[in-house]
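Quick note on numbering: the sequence shown equals residues -24 to -1, 1 to 179 in mature numbering (1 follows the signal peptide of the UniProt record, and there is no 0). Glycine included, each C-beta is placed from N, C-alpha and C at the ideal position. Because the structure is a prediction, the values reported are computed rather than measured. Note sheet for the following structure.
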Amino acid sequence: MSKRFMSRTAVAAAALLLAGSAAATTLTSKLSVDNGFIAYISTSDTVTGTEFSRGADWGTTITGTANLVNGVTYYLHIYAYDDNASPTDAAGLLGQFNLGDDKHLFSNASTVLTTNTVNWKGNNTGFNMPYTSLTNLGADGMQPWGNRPEIADTARWIWAGNSVSQNVAYFSTKITAVPEPGSIALFGLGLAGLAALRRKQRA
């Protein structure tokens, strides 16, 4: 096997691997939050991240999209707040999230995730603070919010802590990158080609 062929093989494998990594998965969010929210995508669970959606009208289902680079694990962060217009006014977060392909998976090992107290965690202090379990306020369709369009009925209204007295909440869930078999094989091919080239050069 010639040095030139081995070198080209290694370079081609690396190029194909990088091309696959540059491809993107589309994350789509559908959110209804009483009273408002900002959604972020981050590569660290302790860093807020990049904003990709916001809204301040719980009566409207807000749609947002973000691109996830293949091979990179992300954290979906949501900052939610209540306007505290009434001392008895309850806050709540309801949503559905979809991934455009299976190159990434939510924490429920699926490409679809709704708000719940199993796959989400949160707190009332910030994304760089310890997370705790969440409060389940009830299913989509409950009063006073009623059924929210474009969100599955299985979604739960959730909040961190007391939804009446605590007017700010931070939510997080993990989106894991799924290694592609082809990328793994190409990576191995590239390493094998480079190793063979080095052995040839030493001989």
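Tell me where the beta strand (DSSP E) around W133 begins and ends. Counting along the chain, the beta strand (DSSP E) containing W133 begins and ends at 132 to 135.
With G40 as the anchor, note down where its beta strand (DSSP E) starts and where it stops. 38 to 45
Three or more C-beta pairs under 8 Å: does that hold for the segment 4 to 21 against the segment 49 to 68? Between the segment 4 to 21 and the segment 49 to 68 there are three or more inter-stretch CB-CB distances shorter than 8 Å, so the stretches are counted as touching.
Counting C-beta neighbours from all protein chains within 10 Å, is the total for T19 16 or more, i.e. buried, or is it exposed? exposed
Assuming the contact rule is C-beta atoms closer than 8 Å, T37 and R124 should be a hit. Round their C-beta distance to whole Å, please. 6 Å
Is it right to say A42 is buried, meaning 16 or more other beta carbons lie within 10 angstroms of its own, or is it exposed? Buried is the call here.
Judging by CA-CA distance, which residue of A85, L113, S86, D77 is the nearest neighbour of N92? L113
Taking buried to mean at least 16 other C-beta atoms within 10 Å of its own C-beta, is T149 buried or exposed? Burial call: buried.
Can you check DSSP and say which residues form a bridge with residue 182? Look at the range of the chain in this structure, -24 to 179, and you will see that residue 182 is not part of it.
Spatial neighbours of F73 in its chain, beta-carbon cut-off 6 Å, leaving aside the 5 residues before and after: S5, L89
With distance defined between alpha-carbon atoms, name the residue in A66, N100, V140 nearest to H53. N100
Using a Cβ-Cβ cut-off of 8 Å (strictly less than) and excluding sequence neighbours within five positions of T111, which residues of its own chain qualify? Same-chain partners within the cutoff: T93, I134, W135, A136, G137, N138, S139.
In chain order, which beta strand (DSSP E) runs of at least 3 residues are fully inside the segment 2 to 41? 12 to 18, 26 to 31
Going by DSSP, name the residue or residues bridged to Q72. K6, T90
What does the alpha-carbon distance come out to for the pair A128 and P157? In this structure, the CA atom of A128 is about 32 Å from the CA atom of P157.
Which same chain residues, not among the five before or five after F147, have their C-beta less than 6 Å away from its C-beta? I54, W96, G98
Buried/exposed call for P106, threshold 16 Cβ in 10 Å: exposed
Would you decide whether A32 is buried or exposed? Buried here means 16 or more other CB atoms lie within 10 Å of its CB. exposed
Using a Cβ-Cβ cutoff of less than 8 Å, which residues in the same chain neighbour T26 once the five nearest sequence positions on both sides are dropped? Excluding positions up to five away in sequence, the list reads Y16, I17, S18, A42.
Using the Cβ count rule (16 or more neighbours within 10 Å means buried), how would you classify N46? buried
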